[in-house]
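**Q**
Given below as structure tokens:
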């Protein structure tokens, strides 16, 4: 049976999906800005972070308001509490895309990414994109089976992260300390972005199955 | 007027304080392990992170249970929602201390921190300790004035972080890329630890005053 409460729950779900979509675009465009040395695109990503933050504020206010008015229990309450946590993760994913874009802007008109690392960063960007694309589908369809796939995708991100560090540590790294610092931080931003996506997919898994998918 | 509900709220507050105390000890001991090359202490911090995680799980379950049973509105609901967010920040602070301890362990029996950076890391450890000590007092006494002090302390952490990067970038940095990567990550761990402390103090400020202290 549908009622006004469930309509409001749906609308919260829609806003979470909207945040996931914006975080996806932000990270994808930040990666492009980084790899193509596109200052305009970097600035666009940096400015767009405010939009994600505003949606989060509005969404959290609506969630808390719904808790106060409808006094949900059991699974509805768990869904609302999870919404607050997911919006925090999605907001942080937006921040991380913003950090990547700021690296692109900081080194402009030079490229922040040396040629040796373009394949690795390209791959990290693609894995990030795949993760948040799957995550949206997991959130929209409450798809527990697909939620588990994100764990494997995250392993792929960790592998790329190790590969990045190995390249920095190779004997013939010619780019000096500053670039190594930049790349260490960039690697961390992609890795954390993936971690937050996994964290959200675990929450969906738990909501759907009542079990923890991992730790 | 006191009642069972407010007793339970108090007990949630006590658990949050306990988490803050554990995060403080963890970061302080992780810093000592790092600077004194103490493997046993690093292992202790790494193992202790499970305790913080368990307290968080238990605390969140009690908070959600209290929401379901007591159907709080207005300021009581805001307090409970904030508790969930604070416990997430405190859990993350514990993770960051754990990351610092893992750096100490990874480089053992060598020191992870070269002599030039011992003063900066020592200072970052002290600022982290001061922040979480003040934070505990802010949380315990709902002290909005003191909450604002954490913003200044965080500026101090950011300054130390810039100092650390400047030392890595100085022309006579003799320690190579690997140590630069380690120090970049360590700097980030301390900086993020401070950010989470500030985030919690802002939540307390908002609960007490109804205003945002910043952004």
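Residue numbers (my numbering), protein chains in the order written: chain A, 275 to 489; chain B, 275 to 489.
Each residue gets a CB set at the ideal place from its N, CA and C atoms; glycine is no exception.
Bear in mind that the values here come from a model prediction, so they are computed numbers and not experimental data.
Spell out whether any CB of chain A is found under 8 Å from the CB atom of residue 454(B).
**A** Yes, its Cβ sits closer than 8 Å to a Cβ of chain A.
**Q** Can you check whether the C-beta of residue 398(A) is within less than 8 Å of a C-beta belonging to chain B?
**A** Not an interface residue.
**Q** On the DSSP letters alone, give me the boundaries of the alpha helix (DSSP H) that residue 414(A) sits inside.
**A** Looking at the DSSP string, the run of the alpha helix (DSSP H) that includes residue 414(A) is 392-415.
**Q** What's the gap between the Cα of residue 460(A) and the Cα of residue 434(A)?
**A** Whole-angstrom Cα-Cα distance: 12 Å.
**Q** From what residue to what residue does the alpha helix (DSSP H) around residue 444(A) run?
**A** Element bounds for residue 444(A): n/a, residue is neither H nor E.
**Q** On the criterion of 16 or more Cβ atoms from any shown chain inside 10 Å, does residue 456(A) qualify as buried, or is it exposed?
**A** It is buried - the Cβ of residue 456(A) has at least 16 other Cβ atoms within 10 Å.
**Q** Considering only the alpha carbon of each residue, which of 298(B), 414(B), 323(B) and 390(B) lies closest to residue 440(B)?
**A** Among 298(B), 414(B), 323(B) and 390(B), the Cα nearest to that of residue 440(B) belongs to 390(B).
**Q** Here's the rule I'm using: 16 or more other beta-carbon atoms within 10 Å means buried, otherwise exposed. How should residue 432(A) be labelled?
**A** Its Cβ having fewer than 16 others within 10 Å, residue 432(A) is exposed.
**Q** Round the Cβ separation of residue 430(B) and residue 401(B) to the nearest angstrom and send it over; I've been treating them as touching at under 8 Å.
**A** Yes, they are in contact, since the Cβ atoms of residue 430(B) and residue 401(B) sit about 5 Å apart, within 8 Å.
**Q** Residue 335(A) by DSSP, collapsed to three states: which one?
**A** It is helical.
**Q** Could you check if residue 281(B) is buried or exposed, using at least 16 other CB atoms within 10 Å of its CB as the buried criterion?
**A** Exposed, by the Cβ-count rule.
**Q** Output the distance between the C-alpha atoms of residue 484(B) and residue 356(B), rounded to the nearest integer angstrom.
**A** So the two alpha carbons sit approximately 13 Å from each other.
**Q** In chain order, what residues of the same chain lie with their CB nearer than 6 Å to the CB of residue 333(B), ignoring the 5 residues before and after it?
**A** Excluding positions up to five away in sequence, the list reads 289 and 361.
**Q** Closer than 8 Å between beta carbons: that is the criterion. Which residues of the segment 445-476 of chain A meet it against chain B?
**A** Going along the segment 445-476 of chain A in chain order, one finds 447, 451, 452, 454, 455, 458, 459 and 462 with a Cβ nearer than 8 Å to chain B.
**Q** Closer than 7 Å by C-beta to residue 312(B): which residues in its own chain qualify, once you throw out the five before and the five after it? Chain order, please.
**A** Correct list, in chain order: 306.
**Q** Note down, in chain order, every chain A residue with its Cβ under 7 Å from the Cβ of residue 375(B).
**A** Those within 7 Å of residue 375(B) in chain A number zero; the least Cβ separation is about 18 Å.
**Q** Would you mind sorting residue 450(A) into buried or exposed? The rule is 16 or more other CB atoms within 10 Å of its CB.
**A** Flag for residue 450(A) reads exposed.
**Q** Judging by CA-CA distance, which residue of 448(A), 328(A), 414(A) and 403(A) is the nearest neighbour of residue 427(A)?
**A** Looking at the Cα atoms, 403(A) is the closest of the given residues.
**Q** Among 424(A), 286(A), 448(A) and 463(A), which has the Cα closest to the Cα of residue 372(A)?
**A** For residue 372(A), the nearest C-alpha among the options comes from 463(A).
**Q** Counting only Cβ-Cβ distances shorter than 8 Å, please list the residues of the segment 416-447 of chain A near chain B, keeping chain order.
**A** If the cut-off is 8 Å between Cβ atoms, the segment 416-447 of chain A has 439, 442, 443 and 447 near chain B.
**Q** What's the C-alpha gap between residue 351(A) and residue 341(A)?
**A** Roughly 8 Å between the two C-alpha positions.
**Q** Can you list the alpha helix (DSSP H) stretches of 4 or more residues lying completely in the segment 304-350 of chain A, in chain order?
**A** Correct list: 313-344.
**Q** Tell me the DSSP secondary structure of residue 487(A) in three-state form.
**A** Coil at residue 487(A), not helix or strand.
**Q** In chain order, what residues of the same chain have a beta carbon less than 8 Å from the beta carbon of residue 469(B), not counting five sequence neighbours either side?
**A** Answer for residue 469(B): 428, listed in chain order.
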